[in-house]
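Taking it in order: structure first as structure tokens, then the write-up.
Residue numbers (this note's numbering): 345 to 505.
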């Protein structure tokens, strides 16, 4: 695949992922992950692995589904009204392209979260390890290095950044 086509396809995948999150299509977003895919947010950019280390999040598909169920549960009164998010993804840079079609991609993000009358901003970088499949890309790893991960917040993150 020519580099421009690959760049475009990867960007469109990342934009689609952001759209799923912002429109609360969380199951469709989870389905973008490979069966053994991991969503990981380390507390500091120096971390090399989630195994045996503290993490803000380190979730496989099962844990993502548990979180989705908890957030959407009818008795989760603290989640009402549901908040809104707006993800911007930019500076998409393909780091490595493997012969089998897998790619490693870095990008930047900014997420605005509105909850009741409170607006919070989160920003940082993503590292995606994407597996090429017949159905398109699947996320092997989504690492989120949040610039403001150590900031104090009134409440914890409920959804994915």
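Glycine residues also receive a C-beta, built at the ideal position from the N, C-alpha and C atoms. Only a predicted model underlies this, so the values are computations on that prediction, with no experimental measurement involved.
Limits of the unbroken beta strand (DSSP E) element including residue i
i	result
residue 416	Counting along the chain, residue 416 falls outside any beta strand (DSSP E), though it belongs to the alpha helix (DSSP H) covering 405 to 416.
residue 381	377 to 385
residue 390	No beta strand (DSSP E) holds residue 390; DSSP gives it neither H nor E.
residue 463	462 to 477
residue 486	480 to 490
residue 429	428 to 441
residue 395	That residue, residue 395, is in no beta strand (DSSP E); it is neither H nor E in DSSP.
residue 505	That residue, residue 505, is in no beta strand (DSSP E); it is neither H nor E in DSSP.
Closest residue to residue i among the options (Cα-Cα distance)
i	options	result
residue 391	505, 350 and 489	489
residue 428	381, 367, 486 and 477	367
residue 404	441, 380, 433 and 353	380
residue 431	416, 470 and 393	470
residue 342	449, 408 and 466	No information on residue 342 is available, as it lies outside the stretch 345 to 505 that the chain covers here.
residue 440	412, 353, 473 and 388	473
residue 454	492, 412 and 443	492
residue 323	350, 376 and 370	As shown, the chain starts at 345 and ends at 505. That puts residue 323 outside it, with no answer to give.
residue 400	433, 384 and 458	384
N-terminal and C-terminal residue of the alpha helix (DSSP H) that residue i is part of
i	result
residue 370	370 to 374
Contact belief for residue i with residue j at Cβ below 8 Å, rounded distance in angstroms
i	j	result
residue 374	residue 402	Going by Cβ atoms, the distance from residue 374 to residue 402 rounds to 15 Å, so no, they are not a contact pair.
Beta-ladder partner(s) of residue i, from DSSP
i	result
residue 401	385
residue 447	441 and 474
residue 453	433 and 468
residue 365	Answer is none; residue 365 lacks a bridge partner.
residue 458	428 and 463
Inspect the CB distances between the region 354 to 364 and the region 473 to 485 and report whether three or more fall short of 8 Å.
-> yes
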